[in-house]
Amino acid sequence: MSPVNRAKASQCQPVRTCCVCRTKALKPNLDRFVLQGDKPVLDVHKVKAGRGAYCCHNERCREVFLSQQKRWKRALKVERNPLALKS
Numbered sequence: 009m010s011p012v013n014r015a016k017a018s019q020c021q022p023v024r025t026c027c028v029c030r031t032k033a034l035k036p037n038l039d040r041f042v043l044q045g046d047k048p049v050l051d052v053h054k055v056k057a058g059r060g061a062y063c064c065h066n067e068r069c070r071e072v073f074l075s076q077q078k079r080w081k082r083a084l085k086v087e088r089n090p091l092a093l094k095s
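Quick note: the sequence shown uses this note's numbering, first residue 9, plus one each step.
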């Protein structure tokens, strides 16, 4: 790898998408939520285990994300209860 390409690679940062407004931003600029039990919780240090869903620092996006169970279940890929589907 040439020195120019190595410098470009070191400047790259992961980009994530807000699961409410679909705005793309650098990973450090978004809040990460993970499942704890059956509810999403804010992962302040972004180190908790499990699938994460990213949301803007915007208070409205956070409120919408937390209030709409269908939205966070889809974002965190929570499986439906197979027994509930057989009724």
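C-beta: ideal position from N, C-alpha, C; glycine also.
Given the structure is predicted, the values throughout are model-derived calculations rather than measurements.
Here the alpha carbons of ARG40 and LYS54 stand approximately 6 Å from one another. Under the DSSP assignment, LEU74 falls in the alpha helix (DSSP H) whose first and last residues are 67-75. Excluding residues up to 5 positions away in sequence, ARG59 lie with their Cβ nearer than 7 Å to the Cβ of LYS85 in the same chain. Looking at GLN76, CYS26, GLN77, VAL49, the one whose alpha-carbon comes closest to that of ASN66 is CYS26. A direct Cα-to-Cα measurement between THR31 and ASP46 gives close to 26 Å.
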